[in-house]
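Here's the structure we're looking at; comments come further down.
Dropping the structure here:
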């Protein structure tokens with residue numbers, strides 16, 4: 128496990144409902160969309176409704192289909208800190224209706240998007256509670272809200288269809304059990320940082336450097352209120368550079384982000400398949416051998 132200290136996992140149930148003309152399995156997710164999975168990628172072939180105007184008939188997904196077994200396994204069989212992942216109001220609706228439809232609907236049919244988000248987040252919050260009962264030590268709300276250049280949507284729309292649902296989820300999860308709740312989002316979220324802190328998140332993951340997220344500046348401004356997670360680049364450093372370049376980047380990132388504690392080393396997303404094994408090993412080995420005394424006492 129490369130000396131990992133925590134893991135982030137979820138439970139996204141789907142049922143096989145058929146076979147495509149090419150022999151690939153067809154699945155329907157618990158959210159209602161239908162897709163072909165060829166083992167390499169997924170191809171969406173049907174959505175639960177044709178447009179956001181028809182979403183009033185959408186039913187909350189069935190929580191009984193979520194087992195939590197994978198969370199339970201890691202909680203019982205490892206000493207890892209287990210973050211269990213749920214979806215958020217942006218990403219889950221984006222997946223339900225498609226990116227283009229979502230972006231237009233958020234601006235033109237804001238009320239319908241908000242009502243759909245209410246239904247989705249009832250399910251996501253129930254998932255979080257089930258995961259906690261299964262042994263999760265913390266909850267990750269995964270909800271990409273930005274491109275590399277900035278937020279998908281203007282702040283006044285985010286105030287309608289995203290931020291209130293984060294706040295409610297944090298409140299309900301912590302009322303159920305006071306575990307850390309972190310946000311994962313890729314992209315340039317500099318314009319949302321104040322709101323993310325105000326909402327009550329305990330930590331923030333991704334901090335994508337190729338999207339302009341300067342972890343040193345973020346540490347200085349928000350490090351006393353947020354645990355920072357990530358920032359190791361996937362566009363070049365982990366994927367195409369040498370192990371020594373990886374080690375140098377790890378050292379620089381730790382020096383920028385870990386002063387006084389409050390930083391968890393990770394890539395800005397996951398350990399994607401394209402990462403050379405020697406680069407993945409270099410990242411973790413450098414972290415293990417880095418002299419933290421000066422950083423912690425700084």
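Residue numbers (the numbering used here): 128 to 425.
Positions of the beta carbon are idealized from the N, C-alpha and C atoms, including for glycine.
Legend entry - Selected residue, minimal CA-CA separation from residue 421, among 384, 393, 175 and 365: Out of 384, 393, 175 and 365, 384 has the C-alpha closest to the C-alpha of residue 421.
Legend entry - Backbone CA spacing between residue 270 and residue 248 [nearest angstrom]: Rounded to the nearest whole angstrom, the C-alpha separation of residue 270 and residue 248 is 12 angstroms.
Legend entry - Start-to-end residues for the beta strand (DSSP E) that takes in residue 357: Residue 357 -> beta strand (DSSP E) spans 354 to 357.
Inset, instruction - In the DSSP assignment, find the unbroken alpha helix (DSSP H) run with residue 324 in it and report its ends. - result: That run of the alpha helix (DSSP H) goes 320 to 326.
Legend entry - Opening and closing residue of the alpha helix (DSSP H) in which residue 386 lies: Counting along the chain, residue 386 falls outside any alpha helix (DSSP H), and DSSP gives it neither H nor E.
Legend entry - Where residue 368 falls: helix, strand or coil (DSSP): Coil.
Legend entry - Proximity of residue 365 and residue 359 at Cβ, strictly below 8 angstroms: Residue 365 places its beta carbon less than 8 angstroms from that of residue 359.
Legend entry - Residues sharing a beta bridge with residue 171, DSSP: DSSP, once it has assigned bridges, lists 162 as partnering residue 171.
Legend entry - Bounding residues of the beta strand (DSSP E) (the contiguous stretch that carries residue 332): Residues 330 to 333.
Legend entry - Proximal residues to residue 189 (C-beta, below 8 angstroms), its chain only, five neighbours per side dropped: 157.
Legend entry - Helix, strand or coil at residue 397 according to DSSP, with G and I counted as helix: Looking at residue 397 - three-state DSSP - the assignment turns out to be coil, as it is neither helix nor strand.
Inset, instruction - State the beta-bridge partners of residue 278 as determined by DSSP. - result: By DSSP's assignment, residue 278 forms a beta bridge with 273.
Inset, instruction - State the DSSP-derived secondary structure class of residue 311, mapped to helix, strand or coil. - result: Note: residue 311 maps to strand in three-state DSSP.
Inset, instruction - Could you pull the start and end residues of the beta strand (DSSP E) that residue 218 belongs to? - result: Element bounds for residue 218: not the beta strand (DSSP E) but the alpha helix (DSSP H), 218 to 224.
Legend entry - In chain order, each beta strand (DSSP E) run of at least 3 residues that lies wholly inside the segment 226 to 252: Taking 3 residues as the shortest admissible run, the segment 226 to 252 contains no complete beta strand (DSSP E) segment at all.
Inset, instruction - Work out the CA separation of residue 266 and residue 151 for me, nearest whole Å. - result: Whole-angstrom Cα-Cα distance: 33 angstroms.
Inset, instruction - Note the first and the last residue of the continuous beta strand (DSSP E) segment covering residue 152. - result: Secondary structure note for residue 152: its beta strand (DSSP E) is the uninterrupted segment 152 to 156.
Inset, instruction - Using 10 angstroms around the beta-carbon of residue 234, count the other beta-carbons present and answer buried if the total reaches 16, otherwise exposed. - result: Residue environment: residue 234 is assigned as exposed (fewer than 16 neighbouring CB atoms within 10 Å of its CB, all protein chains considered).
Legend entry - Cβ contact (3+ pairs, closer than 8 angstroms) linking the segment 373 to 382 and the segment 284 to 303: The segment 373 to 382 makes no contact with the segment 284 to 303; the number of CB pairs closer than 8 angstroms stays below 3.
Legend entry - Separation of residue 274 from residue 224, as counted between CA atoms: Approximately 18 angstroms between the Cα atoms of the pair.
Inset, instruction - Provide the residue span of the beta strand (DSSP E) that contains residue 89, from first to last. - result: Given a span of 128 to 425 for the chain in the structure shown, any question on residue 89 remains unanswerable.
Legend entry - Three or more C-beta pairs below 8 angstroms linking the segment 201 to 211 and the segment 158 to 165: They do not touch, by the three-pair rule.
Legend entry - C-beta atoms of residue 395 and residue 334 nearer than 8 angstroms: For the 8 angstroms CB-CB criterion, residue 395 and residue 334 form a contact.
Inset, instruction - Assign residue 350 to buried or exposed, taking buried as 16 or more other Cβ atoms, counted over all protein chains shown, within 10 Å of its Cβ. - result: In the assembly as shown, residue 350 is a buried residue. Its beta-carbon has 16 or more other beta-carbons within 10 Å.
Inset, instruction - Determine, using beta-carbon pairs with one atom in the segment 243 to 261 and one in the segment 295 to 312, whether at least three such pairs fall under 8 angstroms. - result: The segment 295 to 312 and the segment 243 to 261 touch, with three or more beta-carbon pairs separated by less than 8 angstroms.
Legend entry - Outcome for residue 261 when other beta-carbon atoms lying within 10 angstroms are tallied against a minimum of 16: Under a 10 Å Cβ-count criterion, residue 261 is classified as buried, with 16 or more other Cβ atoms of the shown protein chains found around its own Cβ.
Legend entry - Cutoff 8 angstroms; reference residue 354; Cβ partners in own chain excluding five residues on either side: So the list reads 307, 309, 329, 330, 331, 389, 390 and 391, once near-sequence residues are dropped.
Legend entry - residue 362 vs residue 337 beta-carbon contact at 8 angstroms: At a Cβ-Cβ threshold of 8 angstroms, residue 362 and residue 337 count as neighbours.
Legend entry - Integer Cβ distance of residue 197 from residue 136, believed to fall under 8 angstroms: Contact between residue 197 and residue 136 holds: CB atoms are separated by about 6 angstroms, below the 8 angstroms threshold.
Legend entry - Three-state class that DSSP yields for residue 267 in the structure shown: When secondary structure is reduced to three states using DSSP, residue 267 falls in the strand class.
Inset, instruction - Run the CB neighbour count on residue 193, radius 10 Å, all protein chains shown included, and call it buried at 16 or more, exposed below. - result: Buried, by the Cβ-count rule.
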